[in-house]
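In the UniProt record's numbering, the protein residues as written are 1 to 185.
Glycine residues also receive a C-beta, built at the ideal position from the N, C-alpha and C atoms.
Predicted model, so just to flag it, every value in this text is computed and none were measured.
Single-structure report; data block below.
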């Protein structure tokens with residue numbers, strides 16, 4: 001059973017060796033045929049070792065089931081899309097709350113705020129190559145990440161859903177939730 005609508009979820013991304021990468025405080029928005037949707041508004045806490053900040057805009061995170069990525073759809077003025085290639089993410093009930101867990105696998109896909117979807121770019125390929133050696137990524141993980149990246153680039157560049165309009169619906173639901181219930185539970 002997924003978290004309740006509006007429940008706080010701590011997003012906890014790690015690196016392959018288990019070290020902490022990013023954590024972020026999110027709220028559970030719901031699920032649809034594409035997967036789970038979470039979000040945060042301005043003032044959300046985001047941390048990684050040695051760095052912490054509060055978000056300045058609205059952000060919706062799409063967590064597809066059994067897929068090698070999580071995607072962030074940002075409100076203005078940030079990038080329109082920031083997609084992290086990861087191990088398949090899990091929503092886990094910890095006994096004290098909910099966590100979104102995955103291992104960040106370096107590659108990202110970005111689309112600028114004013115860019116068309118066809119301008120999607122794969123970034124951090126140098127980091128992925130370096131970490132394949134440093135962390136000894138298994139060959140099947142490397143293949144899965146590379147194939148997923150190519151498939152996603154094609155789908156994003158063709159403006160397939162949920163990139164075109166579905167994410168906007170979840171942004172509207174995030175605004176409604178935070179207007180009615182600004183305090184995480």
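Asked: Residue interval of the beta strand (DSSP E) (run including residue 59); Found: 59-63
Asked: N-terminal and C-terminal residue of the alpha helix (DSSP H) that residue 128 is part of; Found: 125-134
Asked: Per DSSP, the bridge partner or partners of residue 92; Found: 99
Asked: Pick from 13, 57, 135, 180 that is closest to residue 92, judged by C-alpha positions; Found: 13
Asked: Inter-stretch contact at 8 Å, needing at least 3 Cβ pairs: the stretch 78-91 / the stretch 103-118; Found: yes
Asked: Residue range of the unbroken beta strand (DSSP E) whose run includes residue 160; Found: Residue 160 -> no beta strand (DSSP E), and no H or E assigned at all.
Asked: Where the beta strand (DSSP E) containing residue 45 begins and where it ends; Found: 45-48
Asked: Residue nearest to residue 35 in terms of C-alpha spacing, selected from 178, 175, 167; Found: 167
Asked: Beta strand (DSSP E) segments (min. 3 residues) lying fully within the stretch 14-56; Found: 20-32, 35-40, 45-48, 51-54
Asked: Under the three-state DSSP convention, the category residue 197 falls into; Found: The chain is shown from 1 up to 185; residue 197 falls before or after that span and cannot be answered.
Asked: Spatial distance of residue 169 from residue 149 (CA atoms); Found: 25 Å
Asked: Within 8 Å, strictly: CB atoms of residue 45 and residue 21; Found: no
Asked: Spatial distance of residue 33 from residue 131 (CA atoms); Found: 33 Å
Asked: First through last residue of the beta strand (DSSP E) which encompasses residue 72; Found: 69-74
Asked: Backbone secondary structure at residue 151 - three-state DSSP; Found: helix
Asked: Contact under 8 Å by Cβ, residue 177 with residue 72; Found: no
Asked: Residue 106 - DSSP class collapsed to helix/strand/coil; Found: strand
Asked: Distance between beta carbons of residue 16 and residue 162, contact taken as under 8 Å; Found: Their Cβ separation, rounded to whole angstroms, is 28 Å, which puts residue 162 and residue 16 out of contact at 8 Å.
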